[in-house]
Structure formats: C-alpha cells, structure tokens
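Residue numbers (our numbering): 157 to 208. Virtual Cβ for every residue (Gly too), placed ideally from N, Cα, C. Encoded as structure tokens, the structure appears first; notes follow it.
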C-alpha cells in the first residue's frame, strides 16, 4: 500500500511523483528517469573541468 507524502506526493501539476524512499523500498531502477531516482538513472552527470 502506498502512503501519501512518504512513498509519493502530487506535484504542482497534479502528477504523482514517487519519492526516493519508495524507490529504495521497491529495490530496483525502472529506467523511466524518475525525479527522485536513488540510482541517478537518466540524470546528467557533472561536467568535469579539463585538466591542465
């Protein structure tokens, strides 16, 4: 059973957004580029500054 404000919340557009806690409880990445993905799937990596 999902618990509002623990497993998910509704954003300003009414979309259901899963929390990091929910993703960790589920135990795997769904590869949908979720906003709170603890595995950081689909999130841009930090640009590394060139070494001199």
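Starting from the C-beta of residue 190, find all residues in its chain whose C-beta is less than 7 Å away, skip the five residues before and the five after it, and write them out in chain order. Short of 7 Å from the beta carbon of residue 190, and not among the five residues preceding or following it, lie these beta carbons of its own chain, in chain order: 174 and 179.
With residue 184 as the anchor, note down where its alpha helix (DSSP H) starts and where it stops. In the DSSP annotation of this structure, residue 184 is not part of any alpha helix (DSSP H), being labelled neither H nor E.
Looking at the unbroken beta strand (DSSP E) that takes in residue 165, where does it start and where does it end? DSSP places residue 165 in the uninterrupted beta strand (DSSP E) bounded by 164-166.
Considering just the uninterrupted stretch of the beta strand (DSSP E) at residue 172, what are its terminal residues? In the DSSP assignment, residue 172 falls within the beta strand (DSSP E) that extends over 172-174.
Using only the alpha-carbon positions, how far apart do residue 185 and residue 168 sit? So the alpha carbons of these two residues sit roughly 24 Å apart.
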